[in-house]
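4 protein chains.
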Amino acid sequence: MPSLRDVLDEIVAEMAGYSDRGAVASYIPQLGKIDPNKFGIAVTLTNGEVLVAGDADEPFSIQSISKVFTLALALGRVGDTLWKRVGREPSGTPFNSIVQLEREEGIPRNPFINAGAIVVSDVLLAGHQPREAIGEIVSFVRSLADDDTIVVDGDVAGSERVTGYRNFALANYLKGFGNLNHAPELTLGVYFHHCAIAMNCQQLANAGRFLANAGRVPSSGHTVISSERAKRINALMLTCGHYDGSGEFAFRVGIPGKSGVGGGILAIVPGVASIAVWSPGLNARGNSMLGSIALEQLTKRMNWSIFSPKPA
Amino acid sequence: MPSLRDVLDEIVAEMAGYSDRGAVASYIPQLGKIDPNKFGIAVTLTNGEVLVAGDADEPFSIQSISKVFTLALALGRVGDTLWKRVGREPSGTPFNSIVQLEREEGIPRNPFINAGAIVVSDVLLAGHQPREAIGEIVSFVRSLADDDTIVVDGDVAGSERVTGYRNFALANYLKGFGNLNHAPELTLGVYFHHCAIAMNCQQLANAGRFLANAGRVPSSGHTVISSERAKRINALMLTCGHYDGSGEFAFRVGIPGKSGVGGGILAIVPGVASIAVWSPGLNARGNSMLGSIALEQLTKRMNWSIFSPKPA
Amino acid sequence: MPSLRDVLDEIVAEMAGYSDRGAVASYIPQLGKIDPNKFGIAVTLTNGEVLVAGDADEPFSIQSISKVFTLALALGRVGDTLWKRVGREPSGTPFNSIVQLEREEGIPRNPFINAGAIVVSDVLLAGHQPREAIGEIVSFVRSLADDDTIVVDGDVAGSERVTGYRNFALANYLKGFGNLNHAPELTLGVYFHHCAIAMNCQQLANAGRFLANAGRVPSSGHTVISSERAKRINALMLTCGHYDGSGEFAFRVGIPGKSGVGGGILAIVPGVASIAVWSPGLNARGNSMLGSIALEQLTKRMNWSIFSPKPA
Amino acid sequence: MPSLRDVLDEIVAEMAGYSDRGAVASYIPQLGKIDPNKFGIAVTLTNGEVLVAGDADEPFSIQSISKVFTLALALGRVGDTLWKRVGREPSGTPFNSIVQLEREEGIPRNPFINAGAIVVSDVLLAGHQPREAIGEIVSFVRSLADDDTIVVDGDVAGSERVTGYRNFALANYLKGFGNLNHAPELTLGVYFHHCAIAMNCQQLANAGRFLANAGRVPSSGHTVISSERAKRINALMLTCGHYDGSGEFAFRVGIPGKSGVGGGILAIVPGVASIAVWSPGLNARGNSMLGSIALEQLTKRMNWSIFSPKPA
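Chains as they are written, first to last, in my numbering: chain P, 1 to 312; chain E, 1 to 312; chain F, 1 to 312; chain Y, 1 to 312.
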């Protein structure tokens with residue numbers, strides 16, 4: 001087995017050589033300005049070790065990766081009753097598709113497509129003002145990463161608010177089916193803000209540790225969620241974490257992961273590591289092009305795929 | 001950790017107590033006659049040990065489970081060019097849906113939905129008479145299971161031929177899009193026959209060993225497929241192996257698995273075990289109801305989910 | 001040929017005998033309060049004669065019938081460039097479906113489904129405040145009916161605003177595809193208000209006269225639209241005027257018509273008559289149940305179907 | 001009003017000037033060989049007069065136009081019970097779409113899309129051998145046209161049989177839903193043969209006379225169907241006769257019509273005329289490009305649209 005340090009350095013070097021780096025998301029204006037040549041990666045091992053390479057300390061917009069954290073928080077809040085309002089199946093359609101919602105009468109297929117994550121935001125808004133709910137989400141992410149400097153990028157949040165017509169459509173549609181308890185603009189306020197959380201790879205890898213460690217933050221020993229629930233969130237990330245490219249990600253990379261249109265991916269090797277990778281250019285499915293390739297190389301060289309036997 | 005022997009015995013006892021056992025598939029007349037009270041399970045460990053419980057030596061129709069074997073065989077035949085004709089994404093629609101085919105112009109979403117498996121059969125038919133292609137598939141399965149008594153149930157194959165109108169529709173539709181090289185009735189002849197292979201749990205668990213063991217049959221050391229390919233088939237089983245219930249199976253059971261409407265499930269714990277379970281009654285998604293529950297209990301008690309950390 | 005007077009009286013008598021009168025629309029609270037036993041009909045002949053029967057002088061909410069008037073007004077405003085933003089085909093889906101919009105990238109199938117009518121409202125809003133646009137629509141309808149007492153029912157308009165989530169979804173979706181020039185809430189303000197225009201059968205039949213008379217109001221001789229455009233609006237009413245029940249209406253009634261969920265239908269016999277019928281209970285397709293039956297009887301007894309030969 | 005003779009001559013002259021004539025259907029090999037420069041038109045007035053122009057005496061494959069005749073024949077055979085197996089609504093999807101069938105569980109939307117016409121063929125096959133059923137259809141068409149020389153083009157029928165995979169898919173799909181009483185290949189044998197009937201414009205216009213004349217053949221006085229049924233078939237032609245271009249045809253041409261991929265259109269002016277036009281090139285919706293334009297010009301110049309007032 002090669003050393004992880006060497007593998008990360010090799011990957012950073014290889015990624016620098018790619019000329020086709022995908023297209024930076026342009027539908028959120030603030031994201032369109034990011035330099036496509038950025039590439040960073042961070043690995044937090046469950047033994048506490050952290051390795052970084054490339055632009056791992058540069059903050060980016062985590063976007064849909066935040067849905068992993070809001071899901072964990074919402075399950076803590078309402079438990080498995082959440083699943084009355086959201087499904088657990090891959091969608092078979094693009095991330096912002098509304099077709100499935102009509103066919104299945106307002107129940108989003110999973111918590112990682114936009115409609116499902118909006119319902120999760122709605123759960124987190126219960127009994128709160130939007131500002132409070134956003135504050136709780138940020139506090140939760142800070143505690144997971146053990147880093148109080150993590151904040152919402154207000155420009156990005158504002159930018160989504162203005163251009164997020166399809167999300168407004170989804171929220172109103174959910175409301176029309178009775179699957180939204182608050183006014184669409186309030187729930188979307190929460191949604192847009194948690195998507196606009198900015199983190200660098202190191203912070204993000206740290207924030208994901210609990211999923212690699214049966215629900216507990218290794219450094220503090222704090223139990224965030226039960227091991228059962230950690231296992232299940234990992235399963236959802238594997239089957240639904242990359243929108244309509246989830247099958248491909250499982251096929252090539254072979255570990256649970258959640259991508260965001262900011263170009264980040266959070267990936268989990270259960271029992272071993274939490275990984276954050278970032279490269280702003282996206283592939284045709286809306287997932288980080290180089291991020292996916294880098295993770296494929298990493299799991300291959302380290303034999304980290306959950307679909308491979310491990311040496312005893 | 002409890003002993004596997006005890007766990008299997010407990011599970012058989014628990015399953016006997018279920019009164020709601022799902023509905024036996026009735027659309028294939030021969031399957032509709034099976035006693036819904038049957039329940040069997042077999043586990044073949046990669047160290048060669050085999051444990052069985054319940055009706056593990058009673059043959060049943062493996063149906064769609066055969067698609068795992070034909071996929072492995074076809075990949076051996078044509079390699080990754082197969083993926084030009086079949087996708088690798090969960091479908092988001094029922095197993096026999098034709099809607100997705102129209103939207104995606106004749107490319108089935110994955111090799112485990114009917115349309116995808118029909119394309120795989122078409123690959124295996126190349127250069128052969130149907131009878132030869134069927135013979136090769138049966139030989140392949142026999143060699144995997146190291147058991148020359150495995151045969152096609154001719155009654156079941158004939159039964160599918162007569163009633164398989166939706167499969168004829170799919171095959172003709174594929175042909176209309178140019179994604180079938182042979183006459184629909186010839187390709188379906190192969191498809192119906194491999195679906196009608198009869199095996200008992202012990203044979204099926206043995207046949208799946210290579211997937212738990214990086215592509216090699218542990219007993220003989222014979223390499224069936226590369227470790228890379230075994231890993232990827234496992235990933236496909238996880239994301240697509242239970243039709244539109246694949247997300248739920250991953251969420252609850254947490255290991256790669258492929259179900260059949262005969263009530264069987266083949267499941268893989270990479271590096272550890274190949275499992276076959278059989279109970280004829282199906283749940284709403286068309287997967288064995290008690291089989292799914294039994295596997296959920298088994299992976300939970302043995303900590304076999306691939307989404308959980310393993311003790312060092 | 002029987003006398004129209006007799007036929008109308010017979011129809012009113014027959015309709016009184018129906019116990020199954022359909023279901024009053026409940027999704028707009030104000031509409032849910034209407035007495036389902038109401039039935040009215042008015043016929044304005046192109047020769048100026050007006051015949052009424054039943055509750056023909058009781059105002060009701062014209063709802064989607066208003067889309068005929070806004071279409072005529074918008075065509076006057078922007079001409080055939082409207083058809084770049086809206087199609088002219090039956091939708092094959094329910095009136096408030098969003099599926100078609102996704103498939104056809106934001107171009108509604110026709111101006112009578114909700115999405116299409118929202119685009120028409122958007123056209124009428126150009127260069128105006130919503131209040132002004134609403135004022136122009138009401139003025140136009142008053143001039144068509146030659147009746148200055150016609151007004152918007154503010155309670156109904158407010159009621160739609162609060163509960164119209166699916167329409168908000170549609171408007172945001174259109175906006176996301178770039179097919180809405182104004183803010184969704186402004187365009188919907190116009191839309192909800194014109195749907196909330198209240199008219200009685202007599203007023204409505206008068207307002208429709210120009211469509212039966214090659215675009216000219218017979219009483220005043222005023223040309224509202226060209227005869228070519230009147231012909232084409234009639235064609236659209238025939239193919240698309242009853243949502244996913246348009247084929248059935250053409251099959252049974254055989255004249256252009258536009259229904260509203262308030263239970264009204266405006267129907268046109270080109271060259272002969274403009275007809276308004278009202279009965280609040282709706283059939284499964286969302287069209288007035290008794291209104292449809294009454295019109296079927298009327299066209300049959302008067303030989304008014306456009307699909308039948310006329311005596312020389 | 002100009003003379004019909006002059007109008008037809010003008011139209012033929014104008015059509016000769018078109019360089020963009022659409023694309024000749026290529027999916028049926030025999031049709032792909034037709035000269036795209038052909039153009040013919042024939043008008044049979046209800047008074048018995050027949051006017052022809054252009055290539056009106058050259059036979060072409062009537063294809064889907066035959067569905068009008070099989071519908072009339074099937075309604076005569078089983079009456080309105082036919083409507084339990086076929087709907088009466090425009091489909092909103094292409095002519096050979098299978099999507100709608102899945103959503104609506106095997107009930108085709110109307111008798112003019114392929115699936116619906118296959119069900120109609122299945123009705124006509126009841127109690128017959130395919131050869132007999134085909135014979136009855138041809139006899140019926142001959143009697144309508146009063147011309148015993150009309151035959152099925154065997155080459156075209158054979159050609160469809162070989163390449164008609166999507167129709168085989170539709171037939172098997174219908175069978176899977178229990179909406180086909182005979183073996184798919186038998187029903188399709190009937191279907192392919194009636195689609196392969198060859199007629200020239202003059203014969204076709206004659207064959208359609210009964211629809212313009214309240215169900216009676218004017219020359220013989222023979223009642224083919226009731227006036228009620230003729231009216232309703234006309235309505236279906238208007239709403240569903242041009243596949244997913246029916247709305248456009250109603251909008252531009254304004255009379256009932258049924259097109260075929262051979263480039264023919266049969267159109268009806270109730271009480272006035274039966275019209276057959278032929279030009280092999282098709283527009284994007286699969287309807288004769290010049291045929292549609294010619295009919296638009298004809299109805300405009302003769303004021304034949306059913307959506308326009310007629311002078312007293």
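Where is the CB? At the ideal position from N, CA and C, for every residue including glycine.
No experiment lies behind these values; they were computed from the predicted model shown.
Extent of the continuous beta strand (DSSP E) to which residue i belongs
i                : result
Ser274 (chain E) : Ala273 to Trp278
Ile41 (chain P)  : Gly40 to Leu45
Gly54 (chain P)  : Val50 to Gly54
Ala284 (chain E) : First-last for Ala284 (chain E): undefined, no H or E at that position.
Met199 (chain E) : Ile197 to Met199
Cβ shell of residue i (< 7 Å), same chain only, five flanking positions each side left out
i                : result
Ala72 (chain F)  : Val224, Ile225 and Ile233
Ala212 (chain Y) : Thr46, Ile268, Val269, Pro270, Gly271, Val272, Ala273 and Ser274
Ser66 (chain Y)  : His194, Cys195 and Ile197
Ser26 (chain Y)  : Gly32
Arg5 (chain F)   : Leu51
Beta carbon of residue i nearer than 8 Å to that of residue j
i                : j                : result
Val120 (chain Y) : Pro111 (chain Y) : yes
Val269 (chain Y) : Gly286 (chain Y) : no
Phe168 (chain E) : Asn172 (chain Y) : yes
Leu8 (chain P)   : Val43 (chain P)  : yes
Ala74 (chain P)  : Val123 (chain P) : yes
Gly264 (chain E) : Phe60 (chain E)  : yes
Gly281 (chain E) : Arg21 (chain E)  : yes
Thr187 (chain F) : Pro90 (chain Y)  : no
Gly40 (chain Y)  : Glu58 (chain Y)  : yes
Tyr191 (chain F) : Ile118 (chain F) : yes
Gly241 (chain E) : Lys258 (chain E) : yes
Gly208 (chain E) : Leu266 (chain E) : yes
Ile62 (chain F)  : Leu298 (chain F) : no
Val277 (chain F) : Cys201 (chain F) : yes
Met15 (chain Y)  : Ser279 (chain Y) : yes
Cut-off 6 Å between Cβ atoms - residues of its own chain near residue i, not counting five sequence neighbours on either side
i                : result
Glu296 (chain Y) : Arg252 and Val253
Arg142 (chain E) : Asp148 and Ile150
Pro256 (chain P) : Asn234, Met237, Leu238 and Ile268
Val78 (chain P)  : Val123
Gly116 (chain Y) : Val86, Pro108 and Asn110
Extent of the continuous alpha helix (DSSP H) run through residue i
i                : result
Ala133 (chain E) : Pro130 to Ala145
Arg229 (chain Y) : Ser227 to Cys240
Lys67 (chain Y)  : Ser66 to Val78
Pro59 (chain E)  : Unbroken run through Pro59 (chain E): none, as it is neither H nor E.
Ser159 (chain E) : Gly154 to Thr163
Query raised in the report: Quick one: complete beta strand (DSSP E) runs, 3+ long, within the segment 242-269 of chain P?
Result: Counting only runs of 3+ residues, the beta strand (DSSP E) found wholly inside the segment 242-269 of chain P occupies 257-259 and 264-269, in chain order.
Query raised in the report: Can you list, in chain order, the residues of the segment 98-117 of chain P whose Cβ is nearer than 9 Å to any Cβ on chain F?
Result: Here the close residues are Ile98, Val99, Leu101, Glu102 and Arg103.
Query raised in the report: At a Cβ cut of 8 Å, what residues of the segment 259-273 of chain F count as close to chain Y, listed as they run along the chain?
Result: Here the close residues are Pro270, Gly271 and Val272.
Report task. For the segment 176-217 of chain F, list the beta strand (DSSP E) runs that are entirely contained and at least 3 residues long, ordered along the chain. Result -> Complete beta strand (DSSP E) runs here, min 3: 197-199.
Requested in this report: Scan the segment 209-226 of chain E for residues whose Cβ lies nearer than 8 Å to a Cβ of chain P and list them as they occur along the chain.
Outcome: Answer in chain order: Ala212, Asn213 and Ala214.
Query - Interface residues of the segment 22-53 of chain P facing chain F [CB-CB below 7 Å] - result: Per Cβ criterion, the list is empty.
Query raised in the report: Listed in chain order, which residues of the segment 152-182 of chain F have Cβ atoms closer than 9 Å to some Cβ of chain P?
Result: Residues Thr163, Gly164, Tyr165, Arg166, Asn167, Phe168, Ala169, Leu170, Ala171, Asn172, Tyr173, Leu174, Lys175, Gly176, Phe177 and Leu180.
Query raised in the report: In chain order, what residues of the segment 238-250 of chain Y put their CB closer than 7 Å to some CB of chain F?
Result: Listed in sequence order: Leu238, Thr239, Cys240, Asp244, Ser246, Gly247, Glu248 and Ala250.
Query raised in the report: Curious, which full-length alpha helix (DSSP H) runs of at least 4 residues does the segment 79-103 of chain Y contain?
Result: Counting whole runs of 4 or more residues, the segment 79-103 of chain Y contains the alpha helix (DSSP H) stretches 99-103.
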